[in-house]
Amino acid sequence: MLITIAGWIFGWCLFPLYKVNINYVPLPIKDIPIFLVITILITMLIVIFNLPKDRRALLFSIILFGVITSILTLINERWTPSQLIKDITFSFIYKENIKLPNFQRYLIVIAMFIGMVIGNINKNEKIKYNITTIIAVRGFFSGLLMGIGADLTMGGNDVQLFITLPELSPAGVGALLSMILGVISWKAFIAFIAFINKNQ
Numbered sequence: 001m002l003i004t005i006a007g008w009i010f011g012w013c014l015f016p017l018y019k020v021n022i023n024y025v026p027l028p029i030k031d032i033p034i035f036l037v038i039t040i041l042i043t044m045l046i047v048i049f050n051l052p053k054d055r056r057a058l059l060f061s062i063i064l065f066g067v068i069t070s071i072l073t074l075i076n077e078r079w080t081p082s083q084l085i086k087d088i089t090f091s092f093i094y095k096e097n098i099k100l101p102n103f104q105r106y107l108i109v110i111a112m113f114i115g116m117v118i119g120n121i122n123k124n125e126k127i128k129y130n131i132t133t134i135i136a137v138r139g140f141f142s143g144l145l146m147g148i149g150a151d152l153t154m155g156g157n158d159v160q161l162f163i164t165l166p167e168l169s170p171a172g173v174g175a176l177l178s179m180i181l182g183v184i185s186w187k188a189f190i191a192f193i194a195f196i197n198k199n200q
């Protein structure tokens with residue numbers, strides 16, 4: 001994971017050096033009609049109460065997580081971990097233009113990490129990875145591509161999922177669809193290679 005993050009940072013810092021001229025056109029903010037909000041809420045309630053009891057808790061927790069991320073966005077729109085890592089890195093590279101993130105953003109990410117640790121305490125599954133040179137190179141190269149993609153879309157996948165998508169941003173939808181298409185294409189490529197090797 002740390003190798004992938006290192007590649008991600010490298011990709012995000014490498015792309016601006018080429019000074020590619022990309023123009024981002026901000027769209028006017030539009031209010032969501034109240035009837036649409038009410039319709040979505042009623043639909044969600046109907047779906048929740050028609051689910052088995054063991055699945056209701058899971059869906060409620062997902063909804064609660066969405067509410068919490070929305071509150072965090074209102075408090076600090078740059079709260080996501082990828083934005084924190086990016087700003088820390090850029091503050092050291094471009095010292096004159098960017099300052100270190102404020103303490104509040106560190107607390108948010110630390111709290112998220114503590115919550116993930118607590119959530120995994122009762123799990124008995126422990127996955128062990130044997131790091132090889134191929135795995136390290138693959139992880140770094142994957143992170144490099146992720147960093148370049150994050151630079152193009154003005155944020156990592158956490159920004160797209162937790163900020164741009166809930167705001168109904170067309171750019172966020174396009175970025176997520178591109179990521180999904182990339183994952184499907186890679187899986188199909190791996191399956192094709194495995195099929196070729198099997199039939200040789």
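Just so you know, the working numbering puts 110 at position 110 of the sequence shown, and the rest follows in order with no gaps.
Note that beta-carbon positions come from the ideal geometry of N, C-alpha and C, so glycine has one too.
Expected contact under 8 Å - CB spacing of residue i and residue j to nearest Å
i, j, result
"G7", "F189", "With a Cβ gap of about 20 Å, G7 and F189 do not count as contacting."
"G11", "I148", "4 Å"
"R105", "L84", "5 Å"
Reduced DSSP category for residue i - H, G, I as helix; E, B as strand; rest coil
i, result
"N197", "helix"
"T4", "helix"
"I135", "helix"
"I9", "helix"
"I201", "With the chain represented from 1 up to 200, any question about residue 201 goes unanswered, as that position is not in the structure."
Beta-carbon gap between residue i and residue j smaller than 9 Å
i, j, result
"V47", "L59", "yes"
"I5", "I131", "no"
"E9", "K99", "Here residue 9 turns out to be Ile, not Glu, going by the sequence shown. The answer is no: Cβ separation not under 9 Å."
"L88", "C13", "Note that residue 88 is Ile in the sequence shown, not Leu. No, Cβ-Cβ distance for I88 and C13 is not below 9 Å."
"A201", "M154", "With the chain running from 1 to 200 in the structure shown, residue 201 is simply not present."
"N76", "I110", "no"
Ranges of the beta strand (DSSP E) found wholly within the segment 147 to 195, counting only runs of at least 3: none
Inter-stretch contact (C-beta, 8 Å, three-pair minimum) for the segment 72 to 81 and the segment 142 to 159: yes
Unbroken stretches of the alpha helix (DSSP H), 4 residues or longer, contained in the segment 27 to 114: 34 to 49, 53 to 75, 81 to 93
Validate contact between the segment 64 to 73 and the segment 161 to 178 using beta carbons, cut 8 Å, 3 pairs: yes
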